[in-house]
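Everything below concerns the one structure shown next.
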Amino acid sequence: MGRSWRNFFRRGKEERQEEEERRPAVATEEKEEAPPAGEAAPSEPSGGWFGRLRRGLRRSRESVVGQLNAAVAEFRDAGDEEFWERVEEILIASDVGVPTTAKLVQRLEQEALEKNITGAGELRRLLVEHAARMLEGPVEIDLSHRPTVILMVGVNGTGKTTTIGKLARHLPARSVMFAAGDTFRAAAIEQLQKWGERVGAPVVARERGADAAAVAHDAVEAAKREGVEVLIVDTAGRLHTKVNLMAELEKVRRVIGRQLPGAPHEVLLTVDATTGQNGLRQARMFKEVAGVTGVVLTKLDGTAKGGIALAIADEVGLPIKLVSVGEGVEDLHPFDARQFAEALFGEL
């Protein structure tokens with residue numbers, strides 16, 4: 001079945017009871033809701049979300065599995081070091097990363113030797129199993145706080161603002177508020193306001209060039225005053241190498257914490273999968289500065305190197321919480337380690 005939106009969010013007992021009581025009404029409303037202006041109605045590809053994920057990872061799978069198939073066709077002995085070196089090269093080329101690849105191949109080789117595995121199907125099953133284990137982590141988003149504050153961070157062009165809008169569409173919360181913390185670009189504020197109109201979320205904003213920490217302060221105060229369930233704070237895209245911009249992000253986080261002890265409760269980093277190993281460096285730096293709790297991997301449909309997910313999970317120790325394989329609202333989905341491993345390393 002895989003992970004669904006319903007079990008992706010962790011809530012308090014009262015919130016769960018309230019949702020159960022109103023579920024029939026919500027289901028009817030969602031069925032009759034027309035898609036927002038400028039947004040096509042979502043179509044469900046064959047195979048549901050797993051089918052969509054497989055389509056999104058097609059380029060990665062064809063690149064990786066095609067080469068693995070060629071290598072496995074010549075596989076005769078689990079003790080063949082040349083074969084395992086070839087597997088290492090293929091995985092590294094798909095951005096799994098050198099340390100993670102070495103660990104993965106070592107485990108594969110050891111189990112293949114112990115079980116005397118020689119068949120391609122068995123070997124691929126082992127690869128999926130071990131990759132899934134590496135990718136497993138705490139993926140739920142905790143909504144038990146009132147308000148729950150989610151801080152979105154990342155470099156330019158990774159899809160932070162779009163992810164905020166998509167995520168809000170799936171939230172079980174009845175009241176959501178946005179904070180337009182990307183004050184560098186007027187377009188970013190306008191984009192967030194459009195998403196706010198679509199999902200019925202008020203947007204706390206100031207003029208372009210305003211102090212992002214001040215926007216965050218205003219938003220937390222407004223969320224507390226109005227009894228909002230979830231506050232999502234947008235931030236300006238910034239290169240992880242720019243010390244002054246990272247310091248500003250640290251300030252935003254600090255201000256939120258002063259206004260609401262324990263917040264932000266989630267810090268989600270959007271990583272563009274097409275950036276490859278640079279995404280790994282981003283994850284390390286943002287984790288250190290912003291206290292990232294999870295990663296949203298975007299643009300997986302535009303890369304042949306989906307293996308970056310394994311590198312981030314294994315080397316940085318950050319769970320992948322959400323993945324995006326397209327522009328539509330339904331193309332964002334909770335991460336499922338097993339499904340992802342099967343979609344990446346399964347049959348062509």
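Counted the way UniProt numbering counts, the sequence shown spans residues 1 to 348.
Even glycine gets a Cβ: it sits at the ideal position worked out from N, Cα and C.
Remember, it's a predicted structure, so these values are computed and weren't measured experimentally.
For residue 217, no beta strand (DSSP E) encloses it; the enclosing alpha helix (DSSP H) starts and ends at 212-226. For a cut-off of 8 angstroms, the C-beta gap from residue 237 to residue 160 is around 7 angstroms, short enough to register as a contact.
For the options 164, 144, 118, the alpha carbon positioned closest to that of residue 180 is the one of 164. For residue 238, the secondary structure class from DSSP, reduced to helix, strand or coil, is coil.
Distance check between residue 140 and each of 266, 299, 316 places 266 closest, using alpha-carbon atoms only. Between the C-alpha atoms of residue 109 and residue 158 there is a straight-line separation of about 36 angstroms. In the DSSP assignment, residue 275 falls outside any alpha helix (DSSP H) and carries neither an H nor an E.
Sorting 206, 202, 155, 299 by C-alpha distance to the C-alpha of residue 231 places 202 at the top. Look at residue 333 here: in three-state DSSP terms it is strand.
By the neighbour-count criterion, in which 16 or more other beta carbons inside 10 Å mark a residue as buried, residue 113 falls on the exposed side. Per DSSP, residue 179 is one residue of the beta strand (DSSP E) stretching across 176-179. Checking the DSSP bridge columns, you'll see residue 9 partnered with 141. If you compare the alpha carbons of 301, 325, 327, 291 with that of residue 316, the shortest gap goes to 291. If you look at residue 297, you'll find it isn't in any alpha helix (DSSP H); it sits in the beta strand (DSSP E) that goes 294-298. Around residue 284, the same chain offers 316 as residues with beta carbons nearer than 7 angstroms, after the five sequence neighbours per side are excluded. Where residue 148 is concerned, there is no enclosing alpha helix (DSSP H), although the beta strand (DSSP E) around it starts and stops at 148-153.
For residue 249 against residue 270, the beta-carbon gap comes to about 13 angstroms, at or over 8 angstroms, which does not count as contact. According to the DSSP assignment, residue 231 belongs to no alpha helix (DSSP H) but to the beta strand (DSSP E) extending over 230-233. Of the residues assessed, residue 301 falls on the buried side of the cut-off, its CB having 16 or more other CB atoms within 10 angstroms. For the set 332, 326, 260, 310, the Cα lying nearest the Cα of residue 105 is the one of 310. One Cα belongs to residue 84, the other to residue 216, and the distance between them is close to 51 angstroms. A direct Cα-Cα distance of roughly 37 angstroms separates residue 197 from residue 342. The Cβ-Cβ distance between residue 175 and residue 229 falls below 8 angstroms. When 273, 208, 100, 149 are compared, the shortest CA-CA separation from residue 132 is found for 100.
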